[in-house]
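Student: Be aware that the sequence shown starts at 650, since it is given in my numbering, and climbs by one per residue. Have a look at this one before I ask anything.
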Amino acid sequence: MLIHGLDIRSATPHDVPVILDFIKALADYEKLSDEVTATEEALRSTLFGEKPVAEVVIGYDESGIAAGFALFFHNYSTFLAKQGMYLEDLFVKPEYRGRGFGKALLVYLARLAQERNCGRLEWSVLDWNTPAIEFYKSLGAKPMDEWTVFRITGDALETLAKA
Numbered sequence: 650m651l652i653h654g655l656d657i658r659s660a661t662p663h664d665v666p667v668i669l670d671f672i673k674a675l676a677d678y679e680k681l682s683d684e685v686t687a688t689e690e691a692l693r694s695t696l697f698g699e700k701p702v703a704e705v706v707i708g709y710d711e712s713g714i715a716a717g718f719a720l721f722f723h724n725y726s727t728f729l730a731k732q733g734m735y736l737e738d739l740f741v742k743p744e745y746r747g748r749g750f751g752k753a754l755l756v757y758l759a760r761l762a763q764e765r766n767c768g769r770l771e772w773s774v775l776d777w778n779t780p781a782i783e784f785y786k787s788l789g790a791k792p793m794d795e796w797t798v799f800r801i802t803g804d805a806l807e808t809l810a811k812a
């Protein structure tokens, strides 16, 4: 689907190396490169295996170069009694920013969310990422300031599971 000059397509197993490159570039931008343990094998299994847990779309510029991607999955709202869509990652390569490609990816996801009868489209953004926050606000997104995200991983997850 062509939106704002970006050809957006669902990723296939063939795209796994490109997806991993985007994940690493995003982690580098967020200064979290040391946290990336994803591999092509793991992505192939979790995104395209027997039970895919997320979906990916990739946006290509007019010359067919991958310019950006979005990785998302469905969640559920008990208050709405509807599924929602959670955008885990959105990344546009620096050289493609300012051309509407980030907006094009979000427009695509919003349309997809409506087609799938989702009650909401949500995502998180790092507090220091002012350009992204201002961009999202310009699209009508509202920060959920009254919520705090909690996470449990590694040893703490293992300890809790054994309790």
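Note that the Cβ used here is the ideal one computed from N, Cα and C, for glycine as well.
Can you give, in chain order, each stretch of the beta strand (DSSP E) that sits fully within the stretch 709-741 and has at least 3 residues?
Tutor: Counting whole runs of 3 or more residues, the stretch 709-741 contains the beta strand (DSSP E) stretches 715-726 and 731-741.
Student: Can you tell me the Cα-Cα spacing of N724 and S712, whole angstroms?
Tutor: Taking the sequence shown and counting its residues from 1, one reaches residue 724 at position 75. Taking the sequence shown and counting its residues from 1, one reaches residue 712 at position 63. Whole-angstrom Cα-Cα distance: 35 Å.
Student: Provide the residue span of the alpha helix (DSSP H) that contains R760, from first to last.
Tutor: Within the sequence shown, residue 760 is the residue found at index 111, counting from 1. Note, R760: alpha helix (DSSP H), F750 to E764.
Student: Taking the C-alpha atoms as reference points, what is the distance between F750 and A759?
Tutor: Along the sequence shown, read from residue 1 onward, the residue named residue 750 stands at position 101. Along the sequence shown, read from residue 1 onward, the residue named residue 759 stands at position 110. One C-alpha to the other measures close to 14 Å.
Student: Return helix, strand or coil for L770, following the three-state DSSP convention.
Tutor: The sequence position of residue 770 within the sequence shown is 121, counting from 1. Here L770 sits in strand by DSSP.
Student: Less than 8 Å separating the beta-carbons of V706 and I657?
Tutor: As a working note, residue 706 is residue 57 in the sequence shown. As a working note, residue 657 is residue 8 in the sequence shown. In this structure, I657 lies closer than 8 Å to V706 by Cβ.
Student: Three Cβ pairs or more, each shorter than 8 Å: is that satisfied between the stretch 761-775 and the stretch 663-677?
Tutor: Judged by Cβ distances under 8 Å, the stretch 761-775 makes no contact with the stretch 663-677, as fewer than three pairs qualify.
Student: Within 10 angstroms of its Cβ, does D664 collect 16 or more other Cβ (buried), or is it exposed?
Tutor: Here residue 664 is taken as the residue at index 15 of the sequence shown, counted from 1. So D664 counts as buried.
Student: Considering only C-alpha positions, which residue in the set E795, E807 and Y785 is nearest to L736?
Tutor: Locating residue 736 in the sequence shown gives position 87, where the first residue counts as 1. Checking every option, the nearest Cα to that of L736 belongs to Y785.
Student: Enumerate in chain order the residues of its own chain whose CB-to-CB distance from L692 is below 7 Å, with the five nearest sequence positions on each side excluded.
Tutor: Here the question's residue 692 lines up with position 43 in the sequence shown. Hits under 7 Å: V665, I668 and L669.
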